[in-house]
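Enquirer: Residues -42 to -1, 1 to 403 in mature numbering (1 follows the signal peptide of the UniProt record, and there is no 0) are what the sequence shown spells out, letter by letter.
The beta carbon of each residue, even a glycine, is placed where N, CA and C say it ideally should be.
Owing to the predicted nature of the structure, the values given are computational and were not obtained by experimental measurement.
Submitted below is the structure of interest, expressed as structure tokens.
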Amino acid sequence: MKQRGRHRRRRRGRALRAVLAGTGLALTAAATLISTSQATVADNPGALKPLTSSTELGRLRLAEQPVPQRSLDRLAAAMGRPADVATVLAGADRTLRTADQCGAEEKKALPVEPAATRAYCWDTADTATRQWRPESVTTSGDADDGGRWGAHRVILSGWSHDAGAGRGLARVAFVNADDPDRLTYTWALLVVPVDGGRDYRGLVSRVSGMVWYRDKLLVTTSGAERDALYVYDLHRIQRTTVADEAVGRVPGGWSANGYRWVLPAVASYRPADGNCVEVSGPDRSGPPCPDGLSLDRSSTPESLVASRAAAADGGGRTVLWRYSFSRDPARSGLLATDSSGTAAADEAYESKADDVRGVLSHRRGPSGSPDWYLGRPADEGTHGILWRQDRQGAKAVECGAEGTHRCWGDGTGSLSYWAETGDVWSLSGRMLFALPLSSVEREMR
């Protein structure tokens, strides 16, 4: 029965890819001319270096810190019965524009080679301000191997507020992706319960990485937040009652900077050996803060992939590592931990690729080491680079008459692999896009 189920999923995936190809975009991002200044080939980062010492791996241990159940129950009792994802999607009040509705300047951010097969730009109400920027993406293909959450195909996109111009809040777009020609969405603010669940505050952080696994959403944190990751429960989405700019309890009810929904954190992960460091410097002191996340369904067990980018030209090394997810049904969507509540990294590597923003790990066959895909952002007036690295070396797509490696989008968005369809989803500029992972492999060959 399990084998027949897998065959049915494969047939559904092939059928869906055929539909998407039929509605594929005649995108002319690939026709964006590659100037001579873009043709400079970046230094090849070479092979990954495994990190095997107990000291190096020990720096990556995370201590799990659950929000007390009584605090979550108190908050839910005060705010009302939690909503589910389907209820949030039913109230979608925004529409993503399809590629033919996006402006030429918006589409310049798309990859040159391979070209996106699906691309969208956000509602003009959300692109009018530069204070909010999209940074991360995950999908119901991460959450469930069937590709759906309940009856829906869903995309979640994490946006960060410019802390220099405001409070540095973080929000998530809940996107209904059932109809490829009409994606609708609405917003939920990420918050953290305080005062024993009698109130909440906004998550003051960038969300450069996020992963939706089973019923949990894990997001990266930075800046004022001392934790490495926060965890949100997709069964605990709360409705606000007051459309005010305040965040938390207000006279007359609950507010979230004007948003209708909030996601209260249910747990966090903090480095077991102190506060994490924001940059992977040459001295490699302190636990690295993850700034990139993705899910690897090709590993056994399925795992959370993390990265900490080295600063551009800073002399450091980017660190890549992974944690296994728990197989305990009572710990759905949480990391595997020992008796002390500590999660240990299963493996780790160093990469010479610097300024990495998106990370993805995927094993192409049943044996051997996984491939690591690293998205590097664009320089001024260029496109980014997507490297594929393993323990033998590195490759990147070449494009243009001059054979440049700058063929990816702007490289500032995270990467998410939808196993059912074989597509990689990412963000570039103000564009949300997808393309088959097989097309990346084909161009690299």
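With G167 and S372 assumed to form a contact (beta carbons below 8 Å), what rounded beta-carbon distance in angstroms separates them?
Expert: Translated into positions along the sequence shown, residue 167 becomes position 209. Translated into positions along the sequence shown, residue 372 becomes position 414. Sure, about 5 Å apart at Cβ, within 8 Å.
Enquirer: In chain order, what are the residue ranges of uninterrupted alpha helix (DSSP H) at least 4 long that sit wholly in the stretch 73 to 117?
Expert: 82 to 85, 98 to 101, all fully within the stretch 73 to 117.
Enquirer: Tell me which residues share the same chain as R55 and place their Cβ nearer than 6 Å to its Cβ, disregarding the 5 neighbours each side in the sequence.
Expert: To locate residue 55, count along the sequence shown from 1; it is residue 97. Cβ within range, chain order: C79.
Enquirer: Can you tell me whether G105 is buried or exposed, with buried defined as 16 or more other CB within 10 angstroms of its CB?
Expert: The count along the sequence shown starts at 1 and reaches residue 105 at position 147. Answer is buried; the Cβ neighbour count reaches 16.
Enquirer: For the structure I just gave you, are there three or more beta carbon pairs, one from the stretch 378 to 393 and one from the stretch 67 to 83, closer than 8 Å?
Expert: In short, these stretches touch, since the Cβ pair count reaches three.
Enquirer: When you measure from the CB of H320 to every non-hydrogen atom of the ligand FAD, does any distance come out below 8 Å?
Expert: Because no ligand of any kind appears in the structure shown, any question about the ligand FAD cannot be addressed here.
Enquirer: Name the DSSP bridge partner or partners of Q196?
Expert: Indexing the sequence shown from 1 puts residue 196 at position 238. Answer by DSSP bridge pairing, in chain order: V220.
Enquirer: Relative to the C-alpha of P96, which residue among S282, L15, L318, R184 is closest?
Expert: The residue given as residue 96 occupies position 138 in the sequence shown. Going by the sequence as given, residue 96 is Thr instead of Pro. Of the listed residues, the one whose Cα sits closest to T96 is L318.
Enquirer: Return yes when the Cβ of R285 is within less than 9 Å of the Cβ of A264, no when it is not.
Expert: Within the sequence shown, residue 264 is the residue found at index 306, counting from 1. Within the sequence shown, residue 285 is the residue found at index 327, counting from 1. Taking 9 Å as the Cβ cut-off, A264 and R285 do not qualify as a contacting pair.
Enquirer: Run the CB neighbour count on residue 425, radius 10 Å, all protein chains shown included, and call it buried at 16 or more, exposed below.
Expert: Here the chain comprises residues numbered -42 to 403, so residue 425 is not present and cannot be evaluated.
Enquirer: Run through DSSP, which three-state label would R280 get?
Expert: The residue labelled residue 280 in the question sits at position 322 within the sequence shown. Three-state DSSP puts R280 in a strand.
Enquirer: Looking at the structure shown, is E260 part of a helix, part of a strand, or coil, going by DSSP?
Expert: Position 302 of the sequence shown, counting from 1, holds the residue named residue 260. It is coil, neither helix nor strand.
Enquirer: What does DSSP give as the partner residue(s) for S374 in the beta ladder?
Expert: Locating residue 374 in the sequence shown gives position 416, where the first residue counts as 1. Looking at the DSSP assignment, S374 forms a beta bridge with W383.
Enquirer: Kindly indicate the opening and closing residues of the alpha helix (DSSP H) around L127.
Expert: Position 169 of the sequence shown, counted from the start, is the residue given in the question as residue 127. Taken as a continuous stretch (DSSP letters only), L127 belongs to no alpha helix (DSSP H), as it is neither H nor E.
Enquirer: Taking contact to mean 3 or more Cβ pairs, one atom from each stretch, closer than 8 Å, check whether the stretch 16 to 29 and the stretch 296 to 309 are in contact.
Expert: Yes, since at least three Cβ pairs between the stretch 16 to 29 and the stretch 296 to 309 fall closer than 8 Å, the two stretches touch.
Enquirer: Determine the direct distance from the alpha carbon of D271 to that of Q47, and round the result to whole angstroms.
Expert: Here residue 47 corresponds to residue number 89 of the sequence shown, with the count starting at 1. Here residue 271 corresponds to residue number 313 of the sequence shown, with the count starting at 1. In the sequence under discussion, the amino acid at residue 47 is Leu, which differs from the Gln named in the question. Their backbone Cα atoms lie some 43 Å apart in a straight line.
Enquirer: Please return the same chain residues whose Cβ sits closer than 7 Å to the Cβ of A377, not counting the five positions on each side in sequence.
Expert: By one-based count along the sequence shown, residue 377 stands at place 419. So the qualifying residues of the chain are G99, D103, R255.
Enquirer: Which word fits S226, buried or exposed, when buried means at least 16 other C-beta atoms lie within 10 angstroms of its C-beta?
Expert: Residue numbering aside, residue 226 sits at position 268 when the sequence shown is read from its first letter. Classification of S226: buried, given that the 10 Å Cβ count is 16 or more.
Enquirer: Given this structure, state the Cα-to-Cα distance separating R28 from D173, to the nearest angstrom.
Expert: The residue labelled residue 28 in the question sits at position 70 within the sequence shown. The residue labelled residue 173 in the question sits at position 215 within the sequence shown. C-alpha separation (whole angstroms): 20 Å.
Enquirer: Less than 9 Å between the beta carbons of P72 and L393, yes or no?
Expert: Position 114 of the sequence shown holds residue 72. Position 435 of the sequence shown holds residue 393. Cβ atoms of P72 and L393: closer than 9 Å.
Enquirer: Just verifying my parser: in three-state terms, what is the DSSP assignment at T300?
Expert: Here residue 300 is taken as the residue at index 342 of the sequence shown, counted from 1. Strand.
Enquirer: Using the C-alpha atoms, what's the distance from H341 back to W107?
Expert: Taking the first residue of the sequence shown as 1, we reach residue 107 at position 149. Taking the first residue of the sequence shown as 1, we reach residue 341 at position 383. C-alpha separation (whole angstroms): 34 Å.
Enquirer: Near Y171, which residues of its chain fall below 8 Å by C-beta distance, leaving aside the five closest residues on each side in sequence?
Expert: Residue numbering aside, residue 171 sits at position 213 when the sequence shown is read from its first letter. Result list for Y171: D100, A101, L253, E260, L262, F283, G291, in chain order.
Enquirer: Check each candidate in R194, A223, P209 and name the one with the smallest Cα separation from residue 407.
Expert: For residue 407 there is no data in the structure shown, the boundaries of the chain being -42 and 403.
Enquirer: Do the CB positions of G274 and D312 come within less than 9 Å of each other?
Expert: The residue given as residue 274 occupies position 316 in the sequence shown. The residue given as residue 312 occupies position 354 in the sequence shown. A contact, by the Cβ cut-off of 9 Å.
Enquirer: Using a 10 Å radius around the Cβ and a threshold of 16 neighbouring Cβ atoms, would you call Q196 buried or exposed?
Expert: Residue numbering aside, residue 196 sits at position 238 when the sequence shown is read from its first letter. Looking at its Cβ environment, which holds 16 or more other Cβ atoms inside 10 Å, Q196 is buried.
Enquirer: Can a CB atom of chain D be found closer than 9 Å to the CB of G99?
Expert: Going by chain labels, chain D is absent from the structure shown, which holds only one protein chain.
Enquirer: For R403, does the count of other Cβ atoms within 10 angstroms reach 16, so buried, or fall short, so exposed?
Expert: Within the sequence shown, numbered from 1, the residue matching residue 403 stands at position 445. Flag for R403 reads exposed.
Enquirer: Only counting the same chain, and skipping five residues up and downstream in sequence, which positions put a Cβ closer than 6 Å to that of V130?
Expert: Within the sequence shown, numbered from 1, the residue matching residue 130 stands at position 172. Cβ within range, chain order: L114, G116, A146.
Enquirer: Can S309 and V277 be called in contact, C-beta distance under 9 Å?
Expert: Sequence index remark: in the sequence shown, residue 309 carries index 351 (1-based). Sequence index remark: in the sequence shown, residue 277 carries index 319 (1-based). Yes; because the gap between Cβ atoms is below 9 Å, this pair is in contact.
Enquirer: Look up P328 in the DSSP assignment and say whether it is helix, strand or coil.
Expert: Counted from its first residue, the sequence shown places residue 328 at position 370. Three-state result, P328: coil.
Enquirer: Under 9 Å between the Cβ atoms of A214 and G160?
Expert: Counting from 1 along the sequence shown, the entry for residue 214 is found at position 256. Counting from 1 along the sequence shown, the entry for residue 160 is found at position 202. Cβ atoms of A214 and G160: closer than 9 Å.
Enquirer: The alpha helix (DSSP H) with A62 in it runs from where to where?
Expert: The residue given as residue 62 occupies position 104 in the sequence shown. Element bounds for A62: 62 to 65.
Enquirer: Kindly identify the DSSP beta-bridge partner or partners of P394.
Expert: Taking the first residue of the sequence shown as 1, we reach residue 394 at position 436. In DSSP, P394 forms a bridge with D381.
Enquirer: With distance defined between alpha-carbon atoms, name the residue in D185, T53, A74 nearest to V25.
Expert: Translated into positions along the sequence shown, residue 25 becomes position 67. Of the candidates D185, T53, A74, the one whose C-alpha sits nearest the C-alpha of V25 is D185.
Enquirer: Whole angstroms are fine: how far does the CA of V398 sit from the CA of Q59?
Expert: Here residue 59 refers to the residue found at position 101 when the sequence shown is read from its first residue. Here residue 398 refers to the residue found at position 440 when the sequence shown is read from its first residue. In a straight line, the C-alpha of Q59 is about 26 Å away from that of V398.
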